[in-house]
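**Q**
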Amino acid sequence: MTETPLVMVLNGPNLNLLGSREPQIYGHDTLDDIAARLEDQAQALGLAVDIRQSNHEGHLVDWLHEAGARGALAVILNAGAFTHTSIAIHDAIKGIAVPVIEVHLSNPHAREDFRHISFVAKAAKGSISGFGAASYRLALDAAAALRH
Ligand code: CA2
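For the sequence shown, the working numbering assigns the number 2 to the initial residue and increments by one for each residue that follows.
Okay, structure coming up:
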């Protein structure tokens with residue numbers, strides 16, 4: 002029997018606050034709402050998802066390493082504000098043989114200048130931004146398409 006391909010969905014700082022403030026930017030869904038829909042979508046696609054959130058940069062680095070060690074099919078990564086600052090996360094992405102799909106709810110390029118640099122994008126397989134919670138759905142479809 003072959004193992005169900007694993008997609009890790011990693012979320013960075015402040016994304017635990019989704020649905021509580023700034024709905025005009027990030028929408029009304031909570032991270033739990035998004036996670037529940039991803040679980041259903043993963044089941045329909047024949048994938049397993051492991052969905053996590055942390056406010057700590059090192060946790061995201063450790064989880065990227067874990068995705069590598071577990072031989073995940075892909076990582077979907079919304080690194081939050083660490084996207085724009087973290088060379089450690091960039092290096093962790095480079096350090097694993099797992100494609101990383103960068104995701105954002107908003108379109109950082111249409112926002113403040115400090116959001117225009119992405120250290121994640123420089124190491125990622127590709128990026129999906131600006132579609133609100135649907136960015137995650139599109140990213141899971143992209144992960145499924147990486148199967149061969
Ligand atoms: O658009 C995205 O997904 C971001 O990764 C969200 C980050 C932001 O720093 C990135 O530039 C783009 C911020 C997540 C904070 O989410 C909040 C949600 C509700 C209330 C406060 C923060």
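Backbone N, C-alpha and C fix where the C-beta goes; we use that ideal spot for every residue, glycine too.
Given a threshold of 16 other Cβ atoms within 10 Å of its Cβ, counted over all protein chains shown, does G47 qualify as buried or as exposed?
**A** Exposed.
**Q** Could you work out which residue in G131, L106, E113 and A75 is closest to A125 when comparing CA atoms only?
**A** Residue A75 is the option with its Cα nearest to A125.
**Q** I'd like the span of the beta strand (DSSP E) that includes S99, first residue to last.
**A** Note that residue 99 is Val in the sequence shown, not Ser. Where V99 is concerned, there is no enclosing beta strand (DSSP E), given that its DSSP letter is neither H nor E.
**Q** Can you say whether S1 is buried or exposed, counting buried as having 16 or more other CB atoms within 10 angstroms of its CB?
**A** Residue 1 falls outside the range modelled here, since the chain spans only 2 to 149, and no answer is possible.
**Q** Can you give me the start and stop residues for the alpha helix (DSSP H) that L19 sits inside?
**A** Careful: L19 lies outside any alpha helix (DSSP H) and carries neither H nor E.
**Q** Are the beta-carbon atoms of T86 and S119 separated by less than 7 Å?
**A** No, the pair does not count as a contact, with Cβ atoms beyond the cut-off.
**Q** Output the residue ranges of the alpha helix (DSSP H) runs that lie fully inside the segment 34-74 and measure 4 residues or longer, sorted by chain position.
**A** Taking only runs of at least 4 residues, the alpha helix (DSSP H) segments lying wholly in the segment 34-74 are 58-70.
**Q** Using only alpha-carbon positions, find the residue among A140, A73 and G13 that is nearest to A98.
**A** Considering only alpha carbons, the answer is A73.
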